[in-house]
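A.B. asks: Numbering (the UniProt record's numbering), first residue to last: 1 to 298.
(1) For residue 156, does the three-state DSSP call read helix, strand or coil?
(2) I need the straight-line Cα distance from residue 295 to residue 42, nearest angstrom please.
(3) State the Cα-Cα distance for the pair residue 258 and residue 177, rounded to the nearest angstrom.
(4) Please state whether the Cβ-Cβ distance between residue 140 and residue 163 is less than 8 Å.
(5) Return the CA-CA distance between residue 106 and residue 297, expressed in angstroms with no decimal places.
(6) Quick check on this structure: which residue in 149, 239, 96, 137 has the alpha carbon closest to the alpha carbon of residue 102?
(7) Rounding to the nearest angstrom, what Cα-Cα distance links residue 281 and residue 183 in this structure?
(8) Applying the criterion that 16 or more other CB atoms from any shown protein chain within 10 Å of the CB defines a buried residue, is residue 142 buried or exposed?
(9) Under 8 Å between the Cβ atoms of residue 250 and residue 285?
(10) If contact is defined by three or more beta carbon pairs under 8 Å, each pair taking one atom from either stretch, is the region 266-274 in contact with the region 189-203?
(11) Give the DSSP-derived three-state secondary structure of residue 229 in the structure shown.
(12) Going by DSSP, what residue range makes up the alpha helix (DSSP H) through residue 305?
(13) Would a C-beta distance cut-off of 8 Å place residue 158 and residue 97 closer than the cut-off?
(14) When every heavy atom of the ligand NAD is checked, does at least one fall within less than 7 Å of the C-beta of residue 161?
(15) Any C-beta of chain B sitting closer than 8 Å to the C-beta of residue 266?
(16) Can at least three beta-carbon pairs, one atom from the region 207-224 and one from the region 233-253, be found at a separation below 8 Å?
Below, the structure written as structure tokens:
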């Protein structure tokens with residue numbers, strides 16, 4: 001499957017090829033299920049054997065998946081969105097993540113696959129492993145699937161964390177947000193990062209962007225922060241994990257991965273026990289191997 005064209009995107013930062021629907025509550029679950037199946041088949045074709053030749057049992061031979069995305073878009077007004085997605089009495093749908101663009105009445109829905117879940121869960125375990133020697137493993141809240149108000153709408157992270165101990169003047173919101181992606185385009189990532197790091201609305205301190213490449217064993221992890229001097233977002237660390245197709249050797253460039261302590265907990269570290277959160281190369285290799293098993297094992 002080829003990469004989506006990133007140069008021709010709509011206002012949500014997603015390619016114009018991404019499928020769009022008018023939201024109706026009664027149709028929503030069926031549309032999501034059908035599109036999720038289409039996405040899954042494009043990423044995990046199930047092979048069947050016929051006359052000694054491998055065939056894709058899930059695809060019509062003439063069917064193309066170049067426009068497949070982990071996202072679909074619904075046109076929806078604010079009142080309907082708030083009623084159907086923000087009502088606290090409604091059970092959250094754990095199989096999707098939503099981003100509501102109130103200014104354009106648009107809901108971008110990310111269909112969560114196993115890769116998304118494991119990327120988020122594995123990184124959460126890695127953070128816990130790093131904080132455990134500091135005695136801080138239970139010192140933060142989890143915000144996975146929580147709908148959070150951001151500029152011009154609301155958004156759900158793949159995972160997010162924030163300190164339990166905070167200033168009374170600061171709302172209870174995540175300080176570190178994780179976005180996991182498979183097909184996500186650069187414009188969509190940058191749009192998400194800006195919304196989370198917006199100093200007046202998003203209020204996050206760090207965004208972790210993790211992308212698992214579709215066609216080969218490669219994972220990129222980026223750390224984004226807000227640069228107050230230039231009033232813009234800044235990519236402060238970029239890490240890449242790859243596996244050689246010949247030797248199977250895993251290579252990491254840009255590691256270890258760091259999350260500044262003071263940005264996570266909104267206070268200075270108290271040495272010698274407390275220090276920046278460090279995810280070492282061995283942990284990163286284990287994370288990558290787990291994701292690649294899901295992606296490429298038949």
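Don't be surprised by glycine CBs; every beta carbon is placed ideally from N, CA and C.
C.D. replies: So, from the data block:
(1) DSSP places residue 156 in coil when its eight states are reduced to three.
(2) Rounded to the nearest angstrom, the two C-alpha atoms are 12 Å apart.
(3) Cα-Cα distance, rounded: 14 Å.
(4) Against a cut-off of 8 Å, the Cβ pair of residue 163 and residue 140 comes out as a contact.
(5) Put simply, the backbone Cα of residue 106 is about 36 Å away from that of residue 297.
(6) Looking at the Cα atoms, 149 is the closest of the given residues.
(7) When rounded, the distance between both Cα atoms is 25 Å.
(8) Only exposed fits residue 142, as fewer than 16 other CB atoms lie within 10 angstroms of its CB.
(9) The criterion of a C-beta distance shorter than 8 Å is satisfied by residue 250 and residue 285.
(10) Taking 8 Å as the limit for Cβ pairs, the verdict is that the region 266-274 does not touch the region 189-203.
(11) Assigned with DSSP and collapsed to three states, residue 229 falls in coil, not helix or strand.
(12) The first residue shown for the chain is 1 and the last is 298, placing residue 305 beyond what the model contains.
(13) Judged by beta-carbon spacing, residue 97 lies within the 8 Å limit of residue 158, meaning their Cβ atoms are closer than that value.
(14) No copy of the ligand NAD appears in this structure; indeed no ligand is present at all.
(15) No chain B appears in the structure shown, which is made up of a single protein chain.
(16) When Cβ pairs closer than 8 Å are counted between the two stretches, the region 207-224 is seen to touch the region 233-253, the count reaching three or more.
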